[in-house]
Every structure is written in C-alpha cells, then in structure tokens.
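First comes the structure, then the notes that go with it.
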C-alpha cells in the first residue's frame with residue numbers, strides 16, 4: 007500500500023503497482039479511480055508506540071498529496087440529448103436572426119450561388135497578390151467557396167494529367183517512328199554499300215577483260231597499220247551488244263556507281279538502280295542470254311506472221327461475204343427475169359452462179375488452211391512464251407543467289 011501511495015503521489019510515474027498485494031488490487035478504484043476517498047489514520051499515544059505513530063503520520067502526509075478529480079459519470083438518454091441539441095440550435099438561430107435582422111435558410115439561393123461563382127472567378131483571375139475574396143461572415147458562403155475552389159483545382163489537375171499523358175504518348179510514338187525510320191535508313195545504307203562494292207568488283211572484272219582483249223589484239227597485230235586496223239576492229243566489236251565493256255560503257259558504269267548513294271530504293275518488289283545495273287551485266291554474261299535473245303527474235307517473227315495471217319483471214323472472210331452477196335444478187339436478177347419473161351426456163355443451171363460458188367469453195371479452203379496455221383502459231387507462241395518465262399525465272403533465281411553470295415562475302 008505504501009508503494010502505491012508513493013506512486014500515486016508522484017504524477018510523473020507511468021506504472022502504479024496495484025498488483026503487489028490483494029488489498030491494493032481491491033482498493034484500486036478507490037485509490038486512483040473516478041471517486042472521492044477518505045482515509046482515516048489512527049494513532050496510539052502510548053510511549054512504546056511512538057515510532058509507529060510517527061510512521062503513520064508520515065504515511066497520512068503522503069496520502070494527503072494524492073488528489074483525484076472525480077467526474078460525474080451520469081449518462082443521458084441519446085434521444086433526450088437530440089431534443090436538447092435541436093432546441094439549442096433553434097435558440098441560436100433565433101438569436102442570430104435577431105442580431106442580423108435576416109432570416110437564414112439552410113441552403114443558398116441560386117442568385118447567391120451565381121454571385122459567389124463570379125466573385126471566385128474574379129479572385130482567381132486577379133494578378134494582384136494583395137487581392138482578397140470577401141464573402142462576408144456567412145459560413146455557408148465560405149464553405150461553398152472552399153468547395154468550389156477545390157473542384158476547380160481537381161479539374162485542373164485532371165486536365166493537366168490528361169495533357170501530360172497525351173504528350174508522353176505522342177513523344178513515345180514519335181520516338182518509335184524515328185527509331186523505325188533510323189533502322190530503315192541504316193539498312194538502306196548497308197544495302198547501298200553492298201551494291202557499290204559488288205558493282206565496283208564487276209567493273210574491275212569487265213575492265214580486266216577489256217584490257218586482256220586489247221592486249222591480245224595488240225600482240226597479234228604487226229606494224230602501225232595493222233595496229234590501227236585492230237584498234238578499229240576492237241572498237242567496232244566493243245560497240246556490239248555481245249561484246250565486253252567499252253571505254254564509254256565503263257565511264258557510264260562508273261558514273262552510275264558514284265550516283266548510287268544518292269538514289270532512293272523503289273518499293274513494291276522493284277530492284278534498286280544498282281541491282282538493275284548488276285542484273286543487266288549478269289544477264290548479258292549468263293549462259294541463257296543467247297537462248298533468251300533467240301526466243302525473242304523467234305517470238306517476234308511468229309507474232310508478225312500471226313498478224314499477217316489475221317489480216318489475210320479478214321480479207322478472205324470479206325471476199326467470201328462479197329461472193330455470197332453476188333450470188334444473192336444473181337438470184338434476184340433471175341427472179342425478176344422470170345417475172346418479165348414467163349416462157350424463160352429457170353431450171354437450167356446458171357454458169358455464173360456456179361463459178362461464184364466454185365470461188366467461194368476455194369476461198370473457204372484457203373481460209374481453213376490459214377486458220378489452222380494460225381492455231382498452230384498460237385500454240386507455238388504460247389510455248390515460246392512459257393519457255394521464256396521459265397528462262398527468266400531461272401535467270402532471276404540465279405541472279406538472286408549470286409547477289410546474296412556477293413553480299414555475304416562483302417560482309418565477311
């Protein structure tokens with residue numbers, strides 16, 4: 007008990023040892039609870055108990071230092087509390103209306119709300135740092151102003167976030183497009199480098215061939231006259247389509263190589279200019295180039311023959327129609343003659359009509375012969391076209407394989 011009394015007397019103590027004894031546990035609410043407790047100390051005046059009396063007085067002195075502030079713990083009925091608060095609110099409203107001379111409602115009118123909106127807008131647009139928003143002492147107006155400003159701030163933040171996200175997405179799209187464009191340009195540049203290297207190698211080979219050919223011709227010639235003749239022959243041979251590169255072709259080819267970096271690649275399955283130059287040289291030196299040229303010439307001849315046969319067929323058809331018209335005219339003349347001369351016999355064969363019919367039969371035979379020939383030409387032309395298509399596909403495939411090998415060798 008003495009330890010509990012000391013702990014209660016010291017206000018800064020956070021722990022009270024009520025559990026040290028049964029008595030302090032029972033007297034817990036009486037000593038430090040919400041109650042007023044009176045403790046009576048008894049003394050003995052006997053001389054033998056003087057020490058105990060002094061100790062009791064000291065204990066009573068310590069107990070006197072304990073001060074409990076008891077609070078009335080009476081509970082009020084909630085319904086009764088609500089009635090009292092409503093009555094108090096009404097009294098305050100009546101008192102406020104008596105002081106201001108205005109009767110206030112629970113909500114602001116539409117005119118007051120519009121006026122507050124205008125005041126808030128003017129306050130926000132004012133650049134003066136000393137400007138104030140004066141709406142009076144009405145708490146309803148003050149609360150409305152705070153709520154309205156909060157809504158404006160939230161809307162502004164939302165719009166800023168949307169604009170920022172839109173700007174970020176646009177930047178991402180722009181960066182993505184720029185990256186794709188840069189990748190395409192790098193691939194195009196690499197392709198141009200490969201084309202230039204391949205064409206330069208081809209040009210060197212063609213120049214070497216031309217120099218070797220010129221060297222052999224010069225070695226075989228004897229004397230200046232023979233040398234001039236050999237040079238003229240070499241020049242004529244170099245100008246032919248089947249010869250090697252001439253000096254002029256080499257210059258043109260070299261100039262086309264220098265122009266390659268400035269040329270743009272055509273899309274849609276078309277080859278670039280460098281590929282076209284290389285393809286022309288490859289096609290000229292390919293083993294099937296002679297076959298292609300022969301088939302072209304033969305195809306031209308067959309087309310010309312077919313067109314000539316078509317014109318002749320039209321002429322024969324027109325001639326047959328003309329002969330048929332003459333026979334019809336002859337029938338009309340004989341019918342008119344029979345009407346004018348009934349005694350004339352019409353059963354006799356007309357030699358003129360027989361001659362016309364004979365000519366028609368001859369023309370029909372000629373027409374049939376030319377038509378059969380035209381059908382044969384059609385089959386032959388289709389066959390030649392199919393062969394040329396196969397040769398072209400083979401040539402294209404060989405060129406693609408050769409081009410890929412050259413590109414791989416350059417990259418290695």
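Numbering (this note's numbering), first residue to last: 7 to 418. Beta carbons: idealized from backbone N, C-alpha and C, even for Gly.
Discussion item. Just verifying my parser: in three-state terms, what is the DSSP assignment at residue 305?
Written reply: Judged by DSSP in its simplified three-state form, residue 305 adopts helix.
Worksheet entry | Any 3 or more C-beta pairs closer than 8 Å across the segment 300–316 and the segment 379–387 | In short, these stretches touch, since the Cβ pair count reaches three.
Discussion item. Using 8 Å as the cut-off, can you tell me whether the segment 143–151 makes contact with the segment 120–132, which would need three or more C-beta pairs spanning the two stretches below that distance?
Written reply: yes
Worksheet item: According to DSSP, is residue 114 helix, strand or coil?
Response: coil
Worksheet item: At a cut of 8 Å, does the segment 358–366 reach the segment 394–401 through at least three beta carbon pairs?
Response: Verdict: no, contact absent.
Fill in: Where the alpha helix (DSSP H) containing residue 58 begins and where it ends
Looking at the DSSP string, the run of the alpha helix (DSSP H) that includes residue 58 is 56–70.
Practice prompt. Please determine if the segment 62–70 and the segment 31–51 are in contact, where contact requires at least 3 C-beta pairs separated by less than 8 Å.
Written response: Three or more pairs of CB atoms, one per stretch, sit closer than 8 Å, so the segment 62–70 contacts the segment 31–51.
Discussion item. Comparing C-alpha positions only, which one of 142, 177 and 15 sits nearest to residue 67?
Written reply: 15
Worksheet item: Quick check: the segment 88–99 against the segment 31–42, are there 3 or more CB pairs under 8 Å?
Response: no
Worksheet item: In three-state terms, what does DSSP make of residue 135?
Response: coil
Fill in: Residues near residue 362 in its chain [Cβ-Cβ closer than 8 Å; skip 5 each side]
Taken in chain order, the residues that qualify are 329, 332, 333 and 336.
Fill in: Assigned secondary structure, residue 179 (DSSP; H/G/I helix, E/B strand, else coil)
helix
Fill in: Where residue 358 falls, given that 16 or more other Cβ within 10 Å makes a residue buried
exposed
Discussion item. Is it buried or exposed, residue 403, if we count other Cβ atoms within 10 angstroms and call 16 or more buried?
Written reply: Exposed, by the Cβ-count rule.
Item to complete: Could you tell me whether the Cβ atoms of residue 326 and residue 374 are closer together than 8 Å?
Response: no
Item to complete: Measuring alpha carbon to alpha carbon, tell me which of 57, 38 and 103 ends up nearest residue 75.
Response: 38
Discussion item. Tell me the rounded alpha-carbon separation between residue 405 and residue 196.
Written reply: Cα to Cα, residue 405 sits roughly 19 Å from residue 196.
Worksheet item: Where do the N-terminal and C-terminal ends of the alpha helix (DSSP H) with residue 28 fall, by residue?
Response: 28–32
Item to complete: Below 8 Å on the Cβ atoms is my guess for residue 421 versus residue 11; work out the distance and round it to an integer in Å.
Response: Because the chain in this structure spans residues 7 to 418, residue 421 falls outside the shown range and cannot be described.
Worksheet item: Rounded to whole angstroms, how far is the Cβ of residue 36 from the Cβ of residue 7, which I believe are closer than 8 Å?
Response: At roughly 11 Å, the Cβ-Cβ gap does not stay under 8 Å, so residue 36 and residue 7 are not in contact.
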